[in-house]
Each structure stands twice: as structure tokens, then as C-alpha cells.
Amino acid sequence: MKNKIILFLIIIQFSLLTNLALAQNEESTPSAETGSDKVSTKTIENFKEKIASKVAELTKKEQKALAGFVSKIEDSQLTIKSDEQQNYQIKIDNILTKIYQIAGNGKKEIKLDQLAKDDYLIVNGPINDNTISANYIFVDEKYIVNVGRVTEIDKDNYSVKLLTADKETINLDIETSTKQSILNIKTLQLERTGFSKIKEGDLIHFIIKKDSSAKNGTRFSAVKILIIPQEYFIK
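The opening residue of the sequence shown carries number 180 in the numbering used here; numbering runs sequentially from there.
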């Protein structure tokens with residue numbers, strides 16, 4: 180993949196050099212450059228330098244994808260914090276870096292000024308120590324899928340406490356927007372259900388959306404749950 184990217188960048192650079200040479204040869208008589216010509220030539224030269232620099236960078240540095248929440252935005256540089264609480268500096272090039280917002284099954288390109296603190300980013304590019312020069316940035320939402328057994332039910336606040344297989348305690352809030360299903364142990368069909376059907380000992384498969392404010396916490400709002408009654412396991 181790296182070789183294909185490098186080849187593509189080299190082809191772009193070669194094309195720019197060829198077009199510039201042809202344009203110079205087509206001039207029939209010497210003439211002074213206009214202001215716009217100077218700006219155009221300077222832009223092309225800057226772009227060529229960036230391409231050449233990027234080619235060299237790709238050959239020397241490791242390509243890597245990182246994910247984390249934005250903790251700081253400053254000029255053309257971001258700071259994100261990963262799940263391991265490691266800070267990474269994200270360098271953005273106004274010409275080469277592409278930023279996309281994930282929307283459903285597609286994506287749309289956005290600008291740097293549309294990013295905000297606490298956004299969840301997936302960043303791809305060459306990395307050096309804790310600094311990554313971004314080729315692509317994807318703005319997305321982080322979902323977690325897990326399963327746990329009900330150890331406690333709070334009927335007043337519509338929440339349950341779960342113990343996962345990793346011995347982690349999760350407090351799950353069941354919202355009005357939470358999609359709730361239960362396994363009918365007689366027909367083995369999934370049916371829609373409500374909070375009142377949850378019992379201690381039941382197994383719950385759940386989907387939660389993790390945001391930066393909850394990354395160190397244990398309380399989450401459930402997006403979707405599937406209840407497996409405890410009776411299913413003692414048939």
C-alpha cells in the first residue's frame with residue numbers, strides 16, 4: 180500500500196513538472212511575468228516541495244492509524260488522547276490532509292475549522308514518536324459492544340449494574356430511546372420488551388456510545404440491549 184501511495188505522489192509531481200515545462204516552451208516571445216503568474220508559479224513550486232517532502236517522509240516513517248478524542252485544537256495541529264490515555268500530536272497539512280465526517284454508510288469531506296474538542300477521530304499517516312503527520316482524518320462515533328450479567332437493578336432510575344466477563348462493573352442506563360429486545364426461551368425468537376422484564380441474573384448484550392466525558396467512567400446510556408433470561412441457562 181505504501182509503495183502505491185509513493186508511486187501516486189511521484190506521478191503527480193512528474194505531471195506538474197511536465198505541465199510547467201510545456202507552458203514555458205509555448206511562450207513565443209519573452210515577456211515579463213504578471214502578478215498572477217508569479218503567484219501561480221509559487222503555488223506550484225510549494226506544492227511540488229510538499230509532494231517531494233511527503234514522498235521522503237513515507238519512505239522513512241511508519242504508517243499508522245490512531246484513534247482518540249480531541250483534547251486540544253491549535254492552528255494546524257491537534258492533540259488527541261487514546262484509550263490508553265496517551266497524548267498524540269496530529270500535524271495537519273492544508274493541501275495534503277483530507278478530513279472526512281462519517282455519516283451512516285458514507286462520508287463527506289469537511290474543513291479543519293469544523294472539528295471540535297471531544298470529537299472522536301481516527302487518524303492515518305506516518306508517525307514519529309508521539310507525532311503523526313495526518314494523511315486522512317475520519318470523524319466518527321465510538322461504539323462498544325459487550326455482555327454482562329445483571330447484579331443489581333435500580334427501578335427508580337431505570338438503570339442496571341452489570342458484571343462483565345472481564346470482571347468490570349458497568350452501570351447501564353436504560354433510556355426511552357434504548358432499543359430493547361428479549362429472547363423468548365420457548366420459541367427462541369427475539370421480541371421487543373421493556374425495562375420491567377429485566378431480572379437479576381439475566382445476561383444482557385449491550386451497545387453503548389462512548390464519549391470523552393465517559394472514557395474514565397463506568398456509567399453509560401444504552402443504545403441497544405438484548406436480554407437473555409437466566410432461565411435459558413438452566414433449562
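Backbone N, C-alpha and C define an ideal beta-carbon position, used for all residues, glycine too.
CA-to-CA distance, residue j to residue i, given in whole angstroms
i	j	result
residue 286	residue 280	5 Å
residue 259	residue 398	22 Å
residue 396	residue 254	31 Å
residue 305	residue 288	21 Å
residue 207	residue 297	Note that residue 207 has pLDDT 46, beneath the 50 cutoff, so the model's placement of it is unreliable and the number below is only indicative. Distance between the alpha carbons of residue 207 and residue 297: 57 Å.
residue 404	residue 357	7 Å
residue 201	residue 249	Note that residue 201 scores 41 on pLDDT, short of 50, meaning its location in the model is unreliable; the coordinates nonetheless yield the value given after this. For residue 201 and residue 249, the distance between alpha carbons rounds to 45 Å.
residue 413	residue 263	39 Å
residue 302	residue 345	29 Å
residue 380	residue 251	43 Å
residue 331	residue 408	15 Å
residue 316	residue 277	6 Å
residue 245	residue 366	44 Å
residue 359	residue 372	6 Å
residue 343	residue 349	8 Å
residue 209	residue 228	Caution is warranted here: a pLDDT of 49 is assigned to residue 209, below 50, making its placement in the model unreliable, and the coordinate value is therefore given only provisionally. Taking the straight line from one Cα to the other gives about 27 Å.
residue 340	residue 299	26 Å
residue 284	residue 318	13 Å
Cβ-Cβ distance between residue i and residue j below 8 Å
i	j	result
residue 402	residue 386	yes
residue 364	residue 383	no
residue 243	residue 321	no
residue 268	residue 256	yes
residue 362	residue 351	no
Residue i - DSSP class collapsed to helix/strand/coil
i	result
residue 411	helix
residue 225	helix
residue 334	coil
residue 321	strand
residue 388	strand
residue 360	strand
residue 343	strand
residue 376	helix
residue 355	coil
residue 220	helix
Residue i classed as buried or exposed, judged by whether at least 16 other C-beta atoms fall within 10 angstroms
i	result
residue 327	buried
residue 312	buried
residue 247	buried
residue 205	Bear in mind that a pLDDT of 45 at residue 205, under 50, signals an unreliable position, so the number given afterwards is only what the model happens to contain. Exposed, by the Cβ-count rule.
residue 323	exposed
Interface flag, residue i vs chain C, CB-CB below 8 Å
i	result
residue 353	Given the protein chain composition of this structure (a single chain), no chain C is represented.
Discussion item. Runs of 3 residues minimum, wholly inside the stretch 244-311: which ones carry the beta strand (DSSP E) assignment?
Written reply: 256-260, 266-270, 277-282, 285-288, 299-307
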